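Reviewing the structure listed below.
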Amino acid sequence: MTQSVLRSSAWQKIRKAARLLLQGGPAGLVRKLFEHYTYHVDSKWHFVYLQFPLSNEFSRIPASSAVSVRIAEPADMPKIKDDLFPVMTGEQTEETKYFDLVGHPNVRCFLAEREGRLVHYSWVFLDAGSSPIVDTPFDGRLLCSCDAYIGPIFTAPGARGFIYPLVLSNIVRFLKEGSATRRIVVLVQGKNPAAVSFYKRIGFSEIPDAQRRPLWSSLGAALIGR
Ligand SMILES: CC(C)(COP(=O)(O)OP(=O)(O)OC[C@H]1O[C@@H](n2cnc3c(N)ncnc32)[C@H](O)[C@@H]1OP(=O)(O)O)[C@@H](O)C(=O)NCCC(=O)NCCS
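Just so we're aligned, residue 700 is where the sequence shown starts under this note's numbering, counting upward by one.
This is the structure:
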C-alpha cells in the first residue's frame, strides 16, 4: 500500500504526462520534463540528511494553547479536504496522494489545528525503509528497522511561523513513548540553509556519507551548467 502511494506506475506516469500536455500544451510538458531532469541530475544531490537519536533529550518547545496537535484518522478526511487541500499549491498538490495512507498501521499523519481550521500536516513513516527517503540517493544500507522518517511537512501559508517545531515536539514524544523507533531521519534541500540550521539547533546532526553520486549524474549536471 505504501509503495503504491510512494511510487507511480508507468501507466500513472503516462496519464500524468497526457494531463500536463492537455493543461499546459507542449511548452508545459517540456517545462515539466526539464524540471524532472534538473531534479535528477542536480536538486536531489543537494539533499542533506539529518538524524535525531531518540535516546537524546529533545529541545523544550513551549506549548501553545492556540494550537492543538493530533494524529489524523479516516474521519478527519472531509476536514482535511476542506481546510488543507485548497491551500496546497505547486509541489504540494502532489502530496494529496499521501492522505490515502491515513489509518495505515506504519504511517501517522500529524495534524495541527488553529482557530477551528487544520493548518498543518507532518507525515511520519514508522519504517523509514518504506518512506519517501527510498526514492532519494540516500544509501539505504544506513537505515535500520528502528528508523522513522518524517516528511513531507506543510503549514498553510497564513499560519506559518511557529507550527512545525510544536508538531515535531509532539512527534518526538509520541515516538519516545509508544513505538520501537530509536532514531528519526529527515532530509532537507541543502540549498535551504535555514532548514538545515533549524534542525541542527534543535538537536539533529548530519548523517555523514549518506549518499553516493554516480558519474552519469555529475555529467548530466555539467550539461546544464550546475
Ligand atoms: C517548512 C514549513 C512547514 C515550516 O513552517 P512552520 O510550521 O510555520 O514553521 P516555522 O515557520 O516556524 O519554521 C520552523 C523552522 O523550519 C525551518 N524550515 C524551513 N524550511 C524547512 C524545511 N523544508 N524543512 C524543515 N524545516 C524547514 C524554518 O527555517 C524554521 O526555522 P527558523 O525558525 O530557524 O527560521 C513551511 O514553511 C512550509 O509548509 N513550507 C512549504 C512546504 C515545504 O517546504 N515543506 C518542506 C519540504 S517537505
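The beta-carbon is built from N, C-alpha and C at its ideal position, and this holds for glycine as well.
Note that the coordinates shown come from a computational prediction; the quantities given were computed from them, not determined experimentally.
Counted within 10 angstroms of its Cβ, other Cβ atoms place residue i as buried (16 or more) or exposed
| i | result |
| --- | --- |
| residue 827 | buried |
| residue 752 | exposed |
| residue 908 | exposed |
| residue 729 | exposed |
| residue 922 | exposed |
| residue 837 | buried |
Rounded straight-line distance, which links the Cα of residue j to that of residue i
| i | j | result |
| --- | --- | --- |
| residue 858 | residue 763 | 13 Å |
| residue 874 | residue 736 | 36 Å |
| residue 792 | residue 776 | 16 Å |
| residue 747 | residue 887 | 5 Å |
| residue 716 | residue 723 | 10 Å |
| residue 869 | residue 898 | 15 Å |
| residue 761 | residue 862 | 11 Å |
| residue 727 | residue 779 | 29 Å |
| residue 709 | residue 807 | 27 Å |
| residue 844 | residue 794 | 25 Å |
| residue 864 | residue 712 | 35 Å |
| residue 725 | residue 733 | 12 Å |
| residue 740 | residue 918 | 8 Å |
| residue 798 | residue 754 | 30 Å |
| residue 714 | residue 896 | 39 Å |
| residue 738 | residue 880 | 30 Å |
| residue 906 | residue 765 | 35 Å |
| residue 840 | residue 889 | 22 Å |
| residue 718 | residue 876 | 45 Å |
Pick from the options that is closest to residue i, judged by C-alpha positions
| i | options | result |
| --- | --- | --- |
| residue 867 | 820, 733, 736 and 799 | 820 |
| residue 815 | 918, 905, 733 and 783 | 783 |
| residue 731 | 789, 810 and 812 | 789 |
| residue 903 | 894, 825 and 812 | 894 |
| residue 781 | 812, 754 and 805 | 812 |
| residue 842 | 923, 799, 864 and 910 | 910 |
| residue 824 | 837, 851 and 838 | 851 |
| residue 822 | 721, 906 and 871 | 871 |
C-beta neighbour in chain D for residue i, strict 8 Å
| i | result |
| --- | --- |
| residue 714 | The chain inventory of the structure shown lacks chain D, comprising one protein chain alone. |
Own chain, CB closer than 7 Å to residue i, minus 5 neighbours either side, in chain order
| i | result |
| --- | --- |
| residue 832 | 848, 884 and 886 |
| residue 835 | 743, 746 and 886 |
Closer than 7 Å: residue i CB and nearest ligand 2 heavy atom
| i | result |
| --- | --- |
| residue 887 | With respect to ligand 2, the structure shown offers nothing to examine, as its ligands consist of ligand 1. |
Own chain, CB closer than 6 Å to residue i, minus 5 neighbours either side, in chain order
| i | result |
| --- | --- |
| residue 855 | 786 and 818 |
| residue 901 | 758 |
| residue 853 | 791 and 820 |
| residue 701 | 829 |
| residue 882 | 750, 752 and 846 |
| residue 767 | 812 |
| residue 805 | 825 and 826 |
| residue 720 | 728 |
Contact set for residue i: own chain, Cβ-Cβ below 8 Å, skip 5 residues either direction
| i | result |
| --- | --- |
| residue 773 | 801 and 802 |
| residue 770 | 807, 808, 809, 810 and 873 |
| residue 878 | 825 and 847 |
Residues bridged to residue i [DSSP beta-bridge criterion]
| i | result |
| --- | --- |
| residue 819 | 811 and 854 |
| residue 751 | 883 |
| residue 766 | 813 |
| residue 849 | 823 |
| residue 806 | 824 |
| residue 722 | DSSP output for residue 722 lists no bridge partner at all. |
| residue 746 | 888 |
| residue 904 | 750 |
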